[in-house]
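Residue numbers (my numbering): 8 to 544.
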Amino acid sequence: MKIRDSILCALTMCALFSGQVQAQSSDNGDGTFANPVLWADVPDPDVIRVGDWFYLVSTTMHLMPGAPVMRSKDLVNWETVSYLFDRLTDTPNYDMDGCTAYGRGQWATSLRYHDGKFYAYFSPNDRPFRGYVYTTTDPAKEKWELVSRTPHFHDASLLFDDDGRVYMFYGTGQLRELKPDLSGVQPGGVDMRIFERDSTETGLLEGSRAIKHNGKYYLLMISWPNGGKRRQVCYRADKITGPYEKKVILEADFGGFPYVGQGCIVDDAKGNWYGVIFQDRGGVGRVLTLMPCRWVDGWPMLGDADGQVPAVMEKPVQGSPAIPLVVSDDFGDKRMKIHWQWNHNPIQKAWSLEERPGWLRLKTSRVVENLFWAPNTLTQRMEGPKCTASVAIDLSHMKEGDVAGFSAFNGNSGVLAIQKENGKKCLTMSEQVVSLDDKNKAVTALDTKEKARVELNQDIIYLRIDGDFRPGQDMATFYYSLNGKDWTQIGSGFKMIFDYRRFFMGTKYAIFNYATQETGGYVDVDYFDYKRIKNEG
């Protein structure tokens, strides 16, 4: 019998947040929603509409499978339906073979629909600096197929023009024409810079998102002038080659966090337009906001009438049910739920949902030094404003030197780890800060500060991590239980951070098991129980 069944009705997840509203979506249930529409790490959005469905692609970098594709009926409730790829194989870094791919891999994918097919393009910011073009006729029903490998185009945006020609906007105002079948660049085609930075653009300017609307070409980019606020700008022209003129279309803070910038615009079936723009929010990562897009003198102005991101607004389409972005799992399915992603390419033979039905088995398959080298670490996002998750783990088959547990995982991680040492098992709570080589992302050092240690005299352990991502918080708190009902806090609160120099992503829940001495051990995970706490009280 699964141990979760015996404690299903216990107050296992509500000790810290007793009496507060629990919800899995920003949908308020009354025809409105609250921003951020996705309070989780969903950066670099590109959104398109095909019929009555909206489709979104986001960035997950070194996590596998990668490039999650979501769909929605209302731009509020998003369901993950596929990934562009299961694994990347350009370098052994994706297998953590001597080096890693932390903060690299899949970046800023462009999503388009043309002549009955979906197309997606991305290029890893890593060797061999070549892009990927994928296609499918239905992201929710069919696998994506690799069409071609192209040159590297940074933060690129595909555009299929009305005359059958295909273009790529990328970098800082670069434009390149592709072959109509997207097999490569068009010989003798357009290859130019379409604008030069003006005197105000003295810092970051990237994140291309291009569309054609009413005969004009629009290129949205993020701008971060030196000494100025991060903002969204738009370049427009009557011809794709220019000349282009520029306008700032969004410059606003929101929700106690500075600036909202980088994203795209999309229309609904009734001709209304919306902006889907991410915002940096510290430890949780880069969250999505949804706002009106008002066409003013031919410019797509973002935000409400005052140019601000609405805290609450009406859903673009009514009647759609709430859909969770992060889910609980009892591991009773024969296939892994689509919400999970592995840290780097998984070793397939080292995990199973079938060897002990109803449990996730994580086997050790490689001797490593620490968590940041460990294969087969399984992750899901954390969400704001608060969230809480617990796992139950059977430790019976750990070998000497094995380390298993649950983490708030990032370049700075808070870690609950069970270590088998001298035949005994101890639970520790620690803070772990990894250092990575800039060139190959190899782990060069690990600073570990152990905050608490408890000896265990049983083989079943329950671990819980609560996250608080309200303004000024970014705190994770750690608990353990011996019966799944009564929880004891362990160690200290852990400050979660976002660091673009290492992982370049928000903190994730992570379940892990690795060997430091010999392979062959394993742990069984009974469940992952998750709740997002919507009420900020």
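Every residue, glycine too, gets a C-beta built ideally from N, C-alpha and C. The structure presented is a predicted model; accordingly, all values stated were derived computationally and were not measured.
Check each candidate in P232, K432, Y120, A163 and name the one with the smallest Cα separation from Y139. Within the sequence shown, the letter at position 132 stands for residue 139. Cα-wise, what sits closest to Y139 is A163.
Would the region 313–327 and the region 352–361 be scored as touching if the rule is three or more Cβ pairs under 8 Å? no
Around the C-beta of I540, are 16 or more other C-beta atoms found within 10 angstroms, so that it is buried, or is it exposed? Position 533 of the sequence shown holds residue 540. Answer is buried; the Cβ neighbour count reaches 16.
How many Å lie between M512 and T435 at the Cα? Taking the sequence shown and counting its residues from 1, the one referred to as residue 512 is at position 505. Taking the sequence shown and counting its residues from 1, the one referred to as residue 435 is at position 428. Distance between the alpha carbons of M512 and T435: 25 Å.
Between the Cα of G38 and those of P50, V83, M77, spot the shortest distance and give me the residue it belongs to. Within the sequence shown, residue 38 is the residue found at index 31, counting from 1. Checking every option, the nearest Cα to that of G38 belongs to V83.
Return yes when the Cβ of R183 is within less than 8 Å of the Cβ of D198, no when it is not. The residue you call residue 198 lines up with position 191 of the sequence shown. The residue you call residue 183 lines up with position 176 of the sequence shown. Going by C-beta atoms, D198 is nearer than 8 Å to R183.
Taking the straight line between their C-alpha atoms, what separation do you get for K223 and P232? Along the sequence shown, read from residue 1 onward, the residue named residue 223 stands at position 216. Along the sequence shown, read from residue 1 onward, the residue named residue 232 stands at position 225. Going from the Cα of K223 to the Cα of P232 covers about 26 Å.
Three or more C-beta pairs under 8 Å: does that hold for the region 365–374 against the region 513–532? yes
Among N417, F92, R243, S397, which residue has its Cα nearest to the Cα of D473? For the purposes of this step, residue 473 is taken as the residue at position 466 of the sequence shown. Cα-wise, what sits closest to D473 is S397.
With a Cβ-Cβ cutoff of 8 Å, do A415 and T514 count as a contact? Taking the first residue of the sequence shown as position 1, residue 415 is located at position 408. Taking the first residue of the sequence shown as position 1, residue 514 is located at position 507. Contact: yes.
Once DSSP output is grouped into helix, strand and coil, what is the label at N490? By 1-based counting over the sequence shown, the position of residue 490 is 483. If DSSP states are grouped into helix, strand and coil, N490 belongs with coil.
Name the one or two DSSP bridge partners that A522 has. Here residue 522 corresponds to residue number 515 of the sequence shown, with the count starting at 1. DSSP, once it has assigned bridges, lists V374, D409 as partnering A522.
C-alpha gap between L45 and S33, whole angstroms: By one-based count along the sequence shown, residue 45 stands at place 38. By one-based count along the sequence shown, residue 33 stands at place 26. Spanning the two alpha carbons is a distance of roughly 7 Å.
Spatially closest choice to F379 from L360, G314, D454, by CA coordinates: For the purposes of this step, residue 379 is taken as the residue at position 372 of the sequence shown. Minimum Cα distance to F379 is reached at D454.
Going by beta carbon distance, what residues of the same chain come within less than 8 Å of W302, once the five residues before and after it are set aside? Sequence index remark: in the sequence shown, residue 302 carries index 295 (1-based). Correct list, in chain order: W280, M308.
Under a three-way DSSP split, which group does D133 fall into? Within the sequence shown, residue 133 is the residue found at index 126, counting from 1. DSSP places D133 in coil when its eight states are reduced to three.
Keeping to the same chain, check which residues put their C-beta closer than 8 Å to that of A147; ignore five residues upstream and five downstream. Within the sequence shown, residue 147 is the residue found at index 140, counting from 1. Counting only Cβ-Cβ distances below 8 Å, and skipping sequence neighbours, we find R78, V88, S89.
In this structure, does DSSP put Q29 in helix, strand or coil? For the purposes of this step, residue 29 is taken as the residue at position 22 of the sequence shown. Confidence at Q29 is low in this model, with a pLDDT of 45, below 50, so the placement of that residue is unreliable and no value is reported for it.
Which of helix, strand or coil does DSSP assign to D170? The residue labelled residue 170 in the question sits at position 163 within the sequence shown. Residue state, collapsed to three classes: coil.
L118: buried (16+ other C-beta within 10 angstroms of its C-beta) or exposed? Sequence index remark: in the sequence shown, residue 118 carries index 111 (1-based). L118 comes out buried.
Buried or exposed, going by whether 16 or more other CB atoms sit within 10 Å of the CB of V28? Working through the sequence shown from its first residue, we reach residue 28 at position 21. For V28, the pLDDT reaches just 37, beneath the cut-off of 50, and the residue's location in the model is therefore unreliable, although a value from the coordinates is still provided. Label assigned to V28: exposed.
Ordered along the chain, which non-local residues of its own chain (more than five positions away) have a Cβ less than 8 Å from that of E428? As a position in the sequence shown, residue 428 is number 421, starting the count at 1. Within the same chain, E428 has close Cβ partners E407, G408.
Leaving out the 5 sequence neighbours to the left and right, which residues in its chain are closer than 8 Å to F264 when beta-carbon positions are compared? Reading the sequence shown from its first residue, position 257 is the one you call residue 264. Around F264: Q286, D287, R288, G289, P478.
Whose C-alpha, out of K458, G500, Y469, is nearest the C-alpha of D475? Along the sequence shown, read from residue 1 onward, the residue named residue 475 stands at position 468. Among K458, G500, Y469, the Cα nearest to that of D475 is on G500.
Per DSSP, the bridge partner or partners of L297: Residue numbering aside, residue 297 sits at position 290 when the sequence shown is read from its first letter. Note: L297 sits in a beta bridge opposite V283.
Can you look up V291 in the DSSP assignment and give me helix, strand or coil? Within the sequence shown, residue 291 is the residue found at index 284, counting from 1. Helix at V291.
According to the Cβ coordinates, are A74 and V294 closer than 8 Å? Taking the sequence shown and counting its residues from 1, one reaches residue 74 at position 67. Taking the sequence shown and counting its residues from 1, one reaches residue 294 at position 287. No, the pair does not count as a contact, with Cβ atoms beyond the cut-off.
So, are the CB atoms of T574 and A517 less than 8 Å apart? Because the chain spans 8 through 544 in this model, residue 574 falls outside it and cannot be assessed.
Under 6 Å Cβ to Cβ from G180, same chain only, skipping five residues before and after it: list those, please. Stepping through the sequence shown from its first residue, residue 180 is reached at position 173. So the list reads R200, I201, F202, once near-sequence residues are dropped.
Since I believe G270 is in contact with I284 (beta carbons under 8 Å), could you give me their beta-carbon distance rounded to a whole number of angstroms? The residue given as residue 284 occupies position 277 in the sequence shown. The residue given as residue 270 occupies position 263 in the sequence shown. Correct: roughly 4 Å between the Cβ atoms.
What does the Cβ neighbour count give for D401, buried or exposed, with the cut at 16 atoms within 10 Å? As a working mapping, residue 401 is identified with position 394 in the sequence shown. Buried is the call here.
Under DSSP, the beta strand (DSSP E) around A74 begins and ends at which residues? Within the sequence shown, numbered from 1, the residue matching residue 74 stands at position 67. Here the beta strand (DSSP E) through A74 covers 73–79.
Are there 16 or more other CB atoms within 10 angstroms of the CB of Q524, so buried, or fewer, so exposed? Within the sequence shown, the letter at position 517 stands for residue 524. When all chains shown are included, Q524 counts as exposed.
Assuming F136 contacts W114 under a Cβ cut-off of 8 Å, what Cβ separation, rounded to an integer in Å, is found between them? Residue 136 sits at position 129 when you count from the first residue of the sequence shown. Residue 114 sits at position 107 when you count from the first residue of the sequence shown. Not confirmed; about 12 Å, so no contact.
Euclidean distance between Cα positions of K356 and P131: Against the sequence shown, residue 356 aligns to sequence position 349. Against the sequence shown, residue 131 aligns to sequence position 124. Straight-line Cα distance between these residues: approximately 27 Å.
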